[in-house]
Every structure is written in C-alpha cells, then in structure tokens.
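Down below is the structure, laid out as structure tokens.
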Amino acid sequence: MKVVVVESPAKAKTINKYLGSDFHVLASFGHIRDLPPKDGSVRPEEGFAMDWETDPKSERHVKEIAAAVKGAEKLFLATDPDREGEAISWHVKKVLEDRKALKGVEVKRVVFNEITKTAVLDAMKKPRDIDQELVDAYLARRALDYLVGFTLSPVLWRKLPGSRSAGRVQSVALRLICERESEIEAFRAREYWTIAADFQTPKGAVLGASLTHLDGVKLDKFDLGNEAAARDAEKKVAAASYSVSKVERKRTKRNPFPPFTTSTLQQEASRKLYFGAQRTMQLAQRLYEGVDIGGETVGLITYMRTDGVQMAAEAIAGARDVIGREFGKAYVPEAPRLYKTKAKNAQEAHEAIRPTDLARKPEDVARYLDKDHLRLYELIWKRTIASQMASAELDQVAVDIASADRQIILRATGSVVVFDGFMKVYQEDRDDSDDDEAEKLLPDVAEADAMLRRSLKAEQHFTQPPPRFSEASLVKRMEELGIGRPSTYASILGVLQDRNYVKLDARRFIPEDRGRLVTAFLESFFGRYVEYNFTAELENQLDDISGGRIDWKTVLDQFWKAFSGSVDETKDLRVTQVLDALDQLLGPHFFPDDGSGKDPRVCPTCSSGRLSLKLGKFGAFIGCSAYPECRFTRPLTTGESGGEDEVREGPKELGNDPVSGHPVTLRKGPYGYYVQLGDESTLKAEPVPEPQPEAPPAKGKKPAKPKAPKAPKAPKPKRVSLYKGLEPADVTLDVACQLLALPREVGPHPETKLMIKAGVGKFGPYLMYDGGYKSLAKGDDVLTIGMNRAVELLAQAKGRSAAAPLKTLGEVDGKPVTVHEGKYGPYVSRDGVHATLPKDTTPDSVTLEAAMALITARAAAKGGKAPARKTSAAKTTAAKKPAAKKPAAKKAPAKTKAAK
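Position 170, counted from 1, in the sequence shown is what the working numbering calls 704; the numbers after and before it change by one each time, with no gaps.
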C-alpha cells in the first residue's frame, strides 16, 4: 500500500479516483502545526531555534496519517506546489518522524499544477525529495513575522495603549492606505474651464471639438482658470470663422493581456465581479480542487497561487484550436503568443492561472457550478483565450479646426475599431483611469473644408483628489513595490480589516484612527521597517533563500541585530515624546482647517486651552491643555469613546424589505457584521388581550385585587450574521433579504425525496437533511448552493443522518423507507428514525416489511422513557387522591390480586 497526503479532503477524494486501490489518499487539512503564540517560540540567541506545536484540531488527522503510514511501502507528500505547500509537507514528515511512524517507509514529494488524471499520474512518475531551500525560505518568513509581532506589540501597548502591531508586511500596506488618506485631506481643489463647440461639416454631419489654442498659444489645463477668462475666450471663439486645417489618421494595434496571475486575477475579480481578494481565492480553490462533472471529479483550473504568466505548449495549442473553431481563422495569430513575467523573482515553474481544458467552455460547465464559481471560471476562460488571439486594429483620427488667422484651434479626436481581435472576447477594466476609451466615430472631412459653428459652451471643472485604494488598486500597488507575494495578498487585506485598522466603504479602504496612530508611531520611531524599499528588499532576500543564493539564518541575523537595537532605543522613550510626535504628524487630520481663520486647536469650553492628543487607559483621545481646570475631552472621532461597535460604525441602510416594508440595515456588533430587519421603532408591539371581567367572589370571600395590565412587548428585530467569506461591501438589499429569509429550501433529495434546506447557524452555513446537519465547505455559498453540490456534500457527511441512501424500499404513509451504509454498519431509515440491520441481514436482502418492523421497534425504544415517566406520575397522583376516600382505598387490594 502507498499513502498520499494532500491538503484538503476535496483534493483527496479526486486524486484517490485517479490513483486506484493501491493508494490511500489522506488530507492534512492544511498546516498541522505552528509556532505557539507565546514569547520564546523563536530564540535568536540559540541560532533562531524554533518551537513547534501541533494544532489540537489537527491531532485527529495526524493520527489517521500515522496509522495509515505504518506498514506502508511509500509515503507521497502531494501538498500544493508552492513554498507554503512545501512547508506543510516538511511539517508532516517531521511529525511522523517524531512519532516513529516512518521506519522502513520511503518518503517522496510530488507536485502537480493541475488536478487532472494526466497531470497527477505524470507527477507520480517523477517524485523528488523535499526542497529544503523552499522550506528555509518559509522558516525565515515565519520567524521574521513572529519576531516583529511579538517584539513590537509590547512596545505599542506600553507607549500607545490599545494598539498592537499590524504585522511586518501589513504595516507597510497600512502605511499606503494612510498616506493616500493624508493626500486626500491635504488636497485643495483647483478651478479650470474648458470651451467646446459643435461644427457642421459640408455634408451636414456634426462634429464636436475642444479649444486647444488661443491667440496662437497652446492652452495648458489651468490657463482658463476662472469664469472671466473663460467668457473672454468664448467671445473670441464665437467671433471667428473656421475651416479644417489638418486631418491625421493613424492605424494602431492593441495587443491582448497575458493570462492571469494571482494578483491580476484578484484585481479583475474585484473590478468586474466585485469579489474581495479572500472570496476570489476561496472560489478559485474549489475550481482547482475539482468539481463533479457528469460523474467525474475534475479540476477546472490550474493552481491559483502563482506569479508566472507562461502557459504549457499543449494549453497554447488547445487555445488556438478553440479560437479557430469558435471565432474563425482571422482571430488566430500567425505564431503562438509567449509571455514572460515582469515580476522579480517570480516562481517560473508555475504556469499562469488557466482552465485545465480550454475546450471546456463556461456554458458547458454552467449546470455543475454555482453562480459565483461560474462567473470566476468564465473570467479565467475568457482571459486565457483572449491572451492567444490576434491583436485588435483601430483607426485613430484627429481633426484640427482653425480660425482664418490660425490663432484659434479646436481639436476633435476619435477612434474606430477596424478589427476587434481579442476585444471580441475580453477587455480589461482599469481602476482610477481618466481615459475614455469609448469608440467615437468622426464624420469624414478633408483639409480646407469650411466648418459652420453651431453651438459653443464654456464648462467649469474642479480637480479631483487622488482616489482611495480599492482592493484591486492596493494589490496592484503592492505588487509594483515588491511588497508581499501571491499567497499573502488576501491575508494582508484581511488582517487590516479584522484588527479594525481600516474599513471598506463603497469598496474603498478608509483608515480608522487607530490605524493612523499605529502608522504614525511606526513612522516616527521604526521608520526603516515601514519603508517600501526595505520591505521589498527583504522579500527579495527571502526569494534568494528559496533559490539557494543565501543562508536563511544570515538574513535573520542581519535583520534581528538592527531591529532589536531599534526596540532597545524606545525603552527610555517617554509617553510625552510619543504624544508630541503623533500630535505633530496627525494634527492636520484631527484639527482640520475649516477656512474660517479660527485656530482649530482652541478649546471650545474654556477658549484659552489648546487641544492636543492625549493618552488614557483605554487609548487615545483629544483633551484640553488646561486640565484639570478645564475637563473638556472628545473622542478621536464620533463614537470612538469605547461604546458598542454598532454605535461607532452606525447602521447602513440598504432599503426596505419588499414583503414587510420594514427597513433592512447592515450593522456591526461585538461579534461581527449582521443584517437586521426593522427596529424597535418600526415593529409594532404585540397587542395585549383586554382583561376579562372576573366572576363575582364566592359567598364569604373577599374580591380579588384587579391585576395591572401588562405593557405591550415590542418584538425583537430579526438578525442574521454575515458568514465567513461574505464581505460587508458585497451585501446589497437583495443579499440581505435572502439572508433574512434563511433557512431556504434547496429541493427534495433525488433518492429519498426528503427536503434539503440551507441556513446559517452558530457555526456558520450548513445543510439540513433527514434530521442531520452538514457544514458547507469553503467556497460554497449558502444563498446559491444548488442540488448537485448539496447532494455531493451530504454524501461526504459522516453519520447516519446525512448518509446517501443505498436504495429506497418503498413508502409508508407517504414517507420513504431507505437503506443506508453508516459508520457502524448498514441501517434502515424513515422519517428521521434509524434502525441498524441485524448481522444476518444484508442491505440487498432486507424487505420493506422487515425494515418497518425494525424502525417501529426502534421508535418505541427511543420514546419509551418519556411515556414511562408520565405513567408513573399518573399512578402516583392517582394513588394520592384515593387515599383521602375510604371506598377507593378498599378497591386497591382487589386490583393488586387481579394483577398477580
């Protein structure tokens, strides 16, 4: 027997089918151990010795792997084909060695870029040893992150209460967001005007043009800086007569974009599909690990963590075949397109992200995929196909219209697509671009043609501040600076939001005040470690470790000596020094100039004190310098005083529920984001029934005191938490209403006809079927999961309640009686009652009558205790009542004799 260890159970199931009965494929469920989250887990003074601790959640999986390996011939470690996957394989091997489970077992590493039968079988023929250089790069990265976090966080706690380190790379990404916000706050809009006119050509067509030259001088953007200058120019333009002075025509080509890397996939999925980086990676993981298509589980895309843009020769040939067949020979370029990555130290062994079979079009797999999986697959398929298509050809035309003395010139520009080429399939979206690339067809004109001016318009404009970073533009900027690597982008953005250093508003990052405080502190006292060049150079050194060009402990030693020295310098740092530095850096943010000429730092209470940044037990706040005489304070921002997160964030109104008409809001509470239907002000209190007139008291008794009517109770608004993977920015009114309508019916099971439901519970999204529950896997959406995927998940579930039936024996009272294979052997089931088959009865031989006898006996056994308690209680009551009456007591012995 040969044992294969992969990372996920979905991948294990797929690969097991490919390899056959001689192999036993198990999942490690990701990393099995990590550095304990306590001081001393990495010890620089001992040559950067590291302590590792097996995750308690992974212990069961480790035991299963160890049990399977004992007595096995070979162990193949087939985790993901990147540095993190190499590290997981290394951890598995080390743990098994420590448990003496590898005696006489040959250990090999295999990697495959796609989960298809051909790729897996080819990989198994080319095993290798674990790449220690990749492992060393992982160890260095893990040690660096640990040392920065556990060394810097205590400094922040002491000098800046309420703050902690965002992380080595996350701090640099946070700095990018904070600096962009400072640029926006410092921005001052500048006015400018433009002049546009419409002209009629000799053939009667209309052509629009903009003023570019006035008085023989080319206009700059701000030359018409106010209305007076614009009106003066408008008069001069209106007074002249015009003709065409020049016509320029130029044929240009536009080449397709290369296939996706991790970062470009995240960017385009954000722009086109509005997916967050984490959501994109979850969906891509599922497409990579495999989808059941017509009874066969197959990986639809290649590995999704890569910075390579090249494709295998057979993939290029497949793309060219599809292009010729679907779009015609004109769209197939003469030679295949070969791309080379621009990223430094790219993992060239990895292909770009592409479909494993380009002949498998999106419409061919639509019925097997959920909505979001299909949208992402379609995006990847189109980008890959377009990357091998012919270039698009455009005619660009520019027409200059001049006054008779050539002192005034207006220009019209346009472009016409002559041949669409790759644009027939795919066009990339551009973030924050001012370029209007929409086609504009100009009428046919010739030089010296007289042009009759029809209209003239002067327009006022104001310059705009730089846009805030979206997920797409931030990932792009980090990639340009060399910060982070493909496998880290999603986690970087996640950490910043989880620690409330930034928030997403309208899909744009806005830094919270606590994030700005941490950034200002690091820039003031640890400036080197949040510099872009320093972080990028450190990433390059980690790449050099993986390439065997430098020793990993040398890199750590050089970093630690300088870093620990910087930390030591802050030991004598007084809090007042910290406050002065932060107050100076963040003053323009906390005390903005409103243009009134008043000092924004003057205390509004005493009018003599100066407002500045203060530190208290619960963090930073704004206070008056005249304390304690003046006790004016205010939080950094409204609601920042430590109240509930919901108050600080404020509910976001999504709209009104179309059924009830109540408002639907998105809120944030102590346990995360949730949606809410209505509130106490919109939900009517339940009516209290009017008190009924009491019967007159019995003779000789006092009348009872009238009871005060109970106050009506307002019903609590319905709330549903956002499950992991659903970003607050992605919650629309429609999504919120779907959440509030959970659980929803997926449909009846094709075998048992029992209803399958999907909902969200305490432990996340789940399926409910036949009295049992099954948690949804990563990438499954509770709002859109379909019947095929639901049945697949239920078939994987452990326990009787979710096991798929072997066969249906028939129906009793309209409810099916089914046979299942369970953990403890075969059993029969009806309406949530399960009964084990006797040892001498097989699933094939059991009849409907025998099954119902077993189920009836099981139901009686399950319900026996409750009736017994009721009967006992009844007897006791009955025995007590007759005790007061002598005739009843006489009859009791007679009953006893009869019973005997």
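Note that CB positions come from ideal geometry on N, CA and C, so glycine has one too.
These numbers were taken from a predicted model, which means no experiment stands behind them.
K628 versus K1087 - alpha carbon distance: Residue mapping note: residue 628 aligns to position 94 of the sequence shown, counting from 1. Residue mapping note: residue 1087 aligns to position 553 of the sequence shown, counting from 1. Roughly 20 angstroms separates the two Cα atoms.
Mapping the DSSP letters down to three states, classify M1289 as helix, strand or coil. Reading the sequence shown from its first residue, position 755 is the one you call residue 1289. Note: M1289 maps to strand in three-state DSSP.
Are the CB atoms of P792 and V843 within a distance shorter than 8 angstroms? Here residue 843 refers to the residue found at position 309 of the sequence shown. Here residue 792 refers to the residue found at position 258 of the sequence shown. Contact: yes.
Between T1342, G1306 and D1347, which lies nearest to L1327 when the distance is taken from Cα to Cα? Reading the sequence shown from its first residue, position 793 is the one you call residue 1327. Ranking the options by Cα distance to L1327, first place goes to G1306.
CA-to-CA distance, E715 to W727, given in whole angstroms: Looking up residue 727 in the sequence shown gives position 193. Looking up residue 715 in the sequence shown gives position 181. Their Cα atoms are separated by approximately 27 angstroms.
I'd like to check one pair, G1344 with L1382: are the Cβ atoms closer than 8 angstroms? Counting from one through the sequence shown, the residue named residue 1382 turns up at place 848. Counting from one through the sequence shown, the residue named residue 1344 turns up at place 810. Yes. Within cutoff.
C-alpha distance - F956 paired with D1315, whole-angstrom precision: One-based indexing of the sequence shown puts residue 956 at position 422. One-based indexing of the sequence shown puts residue 1315 at position 781. Approximately 32 angstroms, taken between the alpha carbons.
Per DSSP, the bridge partner or partners of E782: Looking up residue 782 in the sequence shown gives position 248. E782 is bridged to A932.
Which of the three DSSP states is assigned to P889 in this structure? What you label residue 889 is simply residue 355 of the sequence shown in a count that begins at 1. P889 falls in the strand class under three-state DSSP.
Can I943 and F733 be called in contact, C-beta distance under 8 angstroms? Here residue 943 corresponds to residue number 409 of the sequence shown, with the count starting at 1. Here residue 733 corresponds to residue number 199 of the sequence shown, with the count starting at 1. Taking 8 angstroms as the Cβ cut-off, I943 and F733 do not qualify as a contacting pair.
In whole angstroms, what is the alpha-carbon distance linking D1378 and Q801? Counting from one through the sequence shown, the residue named residue 1378 turns up at place 844. Counting from one through the sequence shown, the residue named residue 801 turns up at place 267. Each residue's Cα considered, the two are about 55 angstroms apart.
Can you give the Cα-Cα distance for P543 and P1169, rounded to whole angstroms? Position 9 of the sequence shown holds residue 543. Position 635 of the sequence shown holds residue 1169. Whole-angstrom Cα-Cα distance: 49 angstroms.
Simplified DSSP state of R820, which is helix, strand or coil: Here residue 820 refers to the residue found at position 286 of the sequence shown. In the structure shown, R820 sits in a helix (DSSP, three-state: H, G or I).
For H595, report the span of its beta strand (DSSP E) as first-last. Here the question's residue 595 lines up with position 61 in the sequence shown. No beta strand (DSSP E) holds H595; the alpha helix (DSSP H) holding it covers E593 to V603.
How is the alpha helix (DSSP H) around Q1118 delimited, first residue to last? As a first step, residue 1118 is located in the sequence shown; it is residue number 584 there, counting from the start. V1109 to F1124 is the extent of the alpha helix (DSSP H) around Q1118.
Extent of the continuous alpha helix (DSSP H) to which M957 belongs: On the sequence shown, position 423 is the one that residue 957 refers to. Where M957 is concerned, there is no enclosing alpha helix (DSSP H), given that its DSSP letter is neither H nor E.
Boundaries (first-last residue) of the alpha helix (DSSP H) holding F721: For this step, residue 721 is matched to residue 187 along the sequence shown. It is not in any alpha helix (DSSP H) - F721 carries neither H nor E in the DSSP assignment.
By alpha-carbon positions, which one of I1156, C1140, T1139 and P1138 ends up nearest to S1146? Reading the sequence shown from its first residue, position 612 is the one you call residue 1146. Ranking the options by Cα distance to S1146, first place goes to I1156.
For W624 and F582, I'd like the C-alpha separation in whole angstroms. What you label residue 624 is simply residue 90 of the sequence shown in a count that begins at 1. What you label residue 582 is simply residue 48 of the sequence shown in a count that begins at 1. Cα-Cα distance, rounded: 18 angstroms.
Starting from D679, trace the beta strand (DSSP E) in both directions and tell me its first and last residue. Here residue 679 refers to the residue found at position 145 of the sequence shown. Segment Q666 to K693 is the alpha helix (DSSP H) holding D679; no beta strand (DSSP E) there.
Terminal residues of the continuous beta strand (DSSP E) containing I1044? As a first step, residue 1044 must be located in the sequence shown, where it is residue number 510. That run of the beta strand (DSSP E) goes R1042 to P1045.
Only counting runs of 4 or more residues, tell me where the alpha helix (DSSP H) segments fall wholly within the segment 973-1020, in order along the chain. With a minimum length of 4 residues, the continuous alpha helix (DSSP H) runs that stay inside the segment 973-1020 are 1005-1015.
Distance, Cα to Cα, E1480 vs K1296? This structure gives no information on residue 1480, because the portion of the chain shown stretches from 535 to 1434.
Taking the beta carbon of Q1118 as the centre, do at least 16 other beta carbons fall within 10 Å, making it buried, or is it exposed? Working through the sequence shown from its first residue, we reach residue 1118 at position 584. Result: exposed.
Assuming contact is defined by CB atoms lying nearer than 8 angstroms, are V540 and H558 in contact in what I supplied? The count along the sequence shown starts at 1 and reaches residue 540 at position 6. The count along the sequence shown starts at 1 and reaches residue 558 at position 24. It is not a contact, given that the beta carbons lie outside the stated cut-off.
With DSSP as the reference, label Y865 as helix, strand or coil. Residue 865 sits at position 331 when you count from the first residue of the sequence shown. DSSP places Y865 in helix when its eight states are reduced to three.
Closest to Y776 by CA distance: which of E981, G1212 and Y672 is it? Taking the first residue of the sequence shown as position 1, residue 776 is located at position 242. The shortest CA-to-CA distance from Y776 to any of E981, G1212 and Y672 is the one to E981.
Can you give me the C-alpha to C-alpha distance between V933 and S779, rounded to a whole angstrom? The sequence position of residue 933 within the sequence shown is 399, counting from 1. The sequence position of residue 779 within the sequence shown is 245, counting from 1. So the alpha carbons of these two residues sit roughly 8 angstroms apart.
Work out the CA separation of P1299 and G1293 for me, nearest whole Å. The residue you call residue 1293 lines up with position 759 of the sequence shown. The residue you call residue 1299 lines up with position 765 of the sequence shown. Their Cα atoms are separated by approximately 6 angstroms.
Straight-line gap, M535 to E587 (C-alpha atoms, nearest Å): Looking up residue 535 in the sequence shown gives position 1. Looking up residue 587 in the sequence shown gives position 53. Using only the alpha carbons, I get a separation of about 30 angstroms.
Going by beta carbon distance, what residues of the same chain come within less than 7 angstroms of A972, once the five residues before and after it are set aside? Within the sequence shown, residue 972 is the residue found at index 438, counting from 1. Any reading at A972 needs caution, since the residue's pLDDT is 46, under 50, leaving its predicted position unreliable; the model's value is listed next. Contacts found: none.
Beta strand (DSSP E) runs wholly inside the segment 574-648, at least 3 long, in chain order: 608-611 and 640-643
Element boundaries [alpha helix (DSSP H), containing H1283]: The sequence position of residue 1283 within the sequence shown is 749, counting from 1. No alpha helix (DSSP H) holds H1283; DSSP gives it neither H nor E.
Are there three or more Cβ pairs, one per stretch, closer than 8 angstroms when the segment 671-686 is compared with the segment 863-872? no
Chain-order list of residues whose beta-carbon lies under 7 angstroms from that of V1029 (same chain, five-residue window excluded): Indexing the sequence shown from 1 puts residue 1029 at position 495. The residues are A700, G701 and Q704.
Within 10 angstroms of its Cβ, does P615 collect 16 or more other Cβ (buried), or is it exposed? Reading the sequence shown from its first residue, position 81 is the one you call residue 615. Counting Cβ neighbours within 10 Å, P615 comes out buried, since at least 16 surround it.
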